[in-house]
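Visitor: If you're matching positions, the sequence shown starts at 13 in the numbering used here and goes up one per residue.
Below are the structure tokens for one structure; questions will follow.
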Amino acid sequence: MSEQTQNCQPCPEGRIRNKAGKCVMPEVTFAGFILSLNTTALYHLGELAHPETGERNVDLELVKHTIDTLTLLCDKTRGNLDRDENELLSTILYDLKLRYVKAKDRNGL
């Protein structure tokens with residue numbers, strides 16, 4: 013298969029095309045990592061459907077674990093993040109805590 017033909021086909025899930033046209037994993041960034049944890053928490057809150065089944069599941073224990081992980085990251089990185097990274101982490105953590113409390117209320121916990 014020629015490289016030009018290869019570049020016409022979509023990359024496998026989770027990969028992106030680099031400047032050379034090769035399918036690679038995206039660059040690892042702090043923001044990407046935090047957004048990934050946020051997506052995981054939203055999934056476990058039932059706010060995002062499973063991509064294949066469309067089902068929504070709630071697991072508040074896993075949401076709490078993700079919030080605890082983000083809190084740990086916030087504590088351990090204090091003073092080492094740039095302004096944008098700190099704002100992203102703080103905003104996501106605040107938002108997830110609110111959503112968690114609302115979900116607990118909805119579920120009578």
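Idealized CB from N, CA, C, for every residue including glycine.
Write down the C-beta distance between K76 and Y112 rounded to the nearest angstrom, noting that I regard them as a contact closer than 8 Å.
Guide: Sequence index remark: in the sequence shown, residue 76 carries index 64 (1-based). Sequence index remark: in the sequence shown, residue 112 carries index 100 (1-based). Right, their Cβ atoms sit about 7 Å apart.
Visitor: Check the DSSP bridge columns for R27 and list the partner residues they point to.
Guide: As a working note, residue 27 is residue 15 in the sequence shown. Per the DSSP secondary-structure output, R27 pairs with nothing in a beta bridge.
Visitor: Compute the beta-carbon to beta-carbon distance between T52 and T78, rounded to the nearest angstrom, for a pair I have assumed lies under 8 Å.
Guide: Along the sequence shown, read from residue 1 onward, the residue named residue 52 stands at position 40. Along the sequence shown, read from residue 1 onward, the residue named residue 78 stands at position 66. With 8 Å as the limit, T52 and T78 qualify as a contact, their Cβ atoms being about 6 Å apart.
Visitor: Starting from the C-beta of D117, find all residues in its chain whose C-beta is less than 8 Å away, skip the five residues before and the five after it, and write them out in chain order.
Guide: The residue you call residue 117 lines up with position 105 of the sequence shown. Answer for D117: no residue qualifies.
Visitor: Quick one: Cα of C20 to Cα of C86, how far?
Guide: Here residue 20 refers to the residue found at position 8 when the sequence shown is read from its first residue. Here residue 86 refers to the residue found at position 74 when the sequence shown is read from its first residue. Using only the alpha carbons, I get a separation of about 41 Å.
Visitor: Tell me which same chain residues have a C-beta within less than 7 Å of the C-beta of E97, skipping the five on either side of it?
Guide: Stepping through the sequence shown from its first residue, residue 97 is reached at position 85. For E97, where only same-chain residues beyond five positions count, the Cβ hits under 7 Å are F42 and A43.
Visitor: Are V36 and I28 touching if we call contact CB-CB under 8 Å?
Guide: Within the sequence shown, numbered from 1, the residue matching residue 36 stands at position 24. Within the sequence shown, numbered from 1, the residue matching residue 28 stands at position 16. Their beta carbons are under 8 Å apart, which means V36 touches I28 by this criterion.
Visitor: Just curious, the alpha helix (DSSP H) that H77 is in, first and last residue?
Guide: Along the sequence shown, one-based indexing puts residue 77 at 65. From DSSP, the alpha helix (DSSP H) with H77 extends over L72 to T89.
Visitor: Determine the closest residue to N50 out of L108, D71 and N69, with distance taken between C-alpha atoms.
Guide: Mapped onto the sequence shown, residue 50 falls at position 38. For N50, the nearest C-alpha among the options comes from L108.
Visitor: Where does Y112 sit, in a helix, a strand or coil, going by DSSP?
Guide: Within the sequence shown, the letter at position 100 stands for residue 112. Here Y112 sits in helix by DSSP.
Visitor: Hey, how far is the Cα of G91 from the Cα of D80?
Guide: Within the sequence shown, residue 91 is the residue found at index 79, counting from 1. Within the sequence shown, residue 80 is the residue found at index 68, counting from 1. Their Cα atoms are separated by approximately 19 Å.
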